[in-house]
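Trainee: Can you read through this structure? Questions will come right after.
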Amino acid sequence: MNRREFALSTAVGLALPARAQAPGFWTLLREGGCVVLMRHAQTEPGVGDPPNFKLGECGTQRNLSEVGREQARRVGAAFTRERVKLDQVRSSVWCRCVDTAMLAFKQNTVWPPINSFFGGGQDEQTRAVLAAVEGWQAPRNLMLVTHQINISALTGEFLTMGEVFVTRPGSQGSHANRLRVLARQTF
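Heads up: the sequence shown at position 73 corresponds to 72 in numbering that gives the first Met the number 0, and the numbers run straight through without jumps.
Okay, here's the thing in structure tokens:
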């Protein structure tokens, strides 16, 4: 409501109809049909992984910090509190993503198309994800726990560690090569 409408409604005692607002984060998730993109929770300081890291060995990777482990638990608690059902939870193979998914949602399937673009493959992986989620429909919700670079390739937007984007394939404004972010939440 602009100032003029407010002044008019308070002076005359009229209630003007509320303007339609886009559904919020939790409303969209309760409606279903969402592909939810989460960047792994907060990690130990650093960028990337140490030299000579190995994917099968968590001790060689940059992992979640204690703050990140608590952040992941908060995400899971919020989804439980808000009664949002996730039909599938998938993550990158990196330990920080697997751990985020397990701490938050107590379930996970490693899915290679959302692995970090370590060694290339960005275009192929992004196309594979977009093709796989193209027909995702309500009432189901899919959670993908992955990396900033992957989510930026899918949406064109940047997010922080532990932040969650809600998208819907085929939503108005989505393009064949991108998912449109409808809502976002940081935990």
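Built from N, CA and C at the ideal position, the CB exists for glycine as well.
Rounded to a whole number of angstroms, what is the C-alpha to C-alpha distance between residue 82 and residue 166?
Mentor: Distance between the alpha carbons of residue 82 and residue 166: 18 Å.
Trainee: Measuring alpha carbon to alpha carbon, tell me which residue in 148, 129 and 60 is nearest residue 45.
Mentor: 60
Trainee: Taking a contact to mean a Cβ-Cβ separation below 7 Å, would you say residue 71 touches residue 36 in this structure?
Mentor: no
Trainee: Please give the ranges of any alpha helix (DSSP H) in the segment 73-136, keeping only runs that are unbroken, at least 4 residues long and fully inside the region.
Mentor: 94-104 and 121-132
Trainee: What are the start and end residues of the alpha helix (DSSP H) that includes residue 27?
Mentor: 24-30
Trainee: Does the beta-carbon distance from residue 39 to residue 95 come in below 7 Å?
Mentor: yes
Trainee: Taking only beta-carbon positions, decide if residue 177 is within less than 7 Å of chain D.
Mentor: Going by chain labels, chain D is absent from the structure shown, which holds only one protein chain.
Trainee: How about residue 156 and residue 185: are their beta carbons less than 7 Å apart?
Mentor: no
Trainee: Beta carbon of residue 160, beta carbon of residue 85: below 7 Å?
Mentor: no
Trainee: On a Cα-Cα basis, can you pick out the residue from 180, 120, 179 and 68 that is closest to residue 97?
Mentor: 68
Trainee: Would you decide whether residue 137 is buried or exposed? Buried here means 16 or more other CB atoms lie within 10 Å of its CB.
Mentor: exposed
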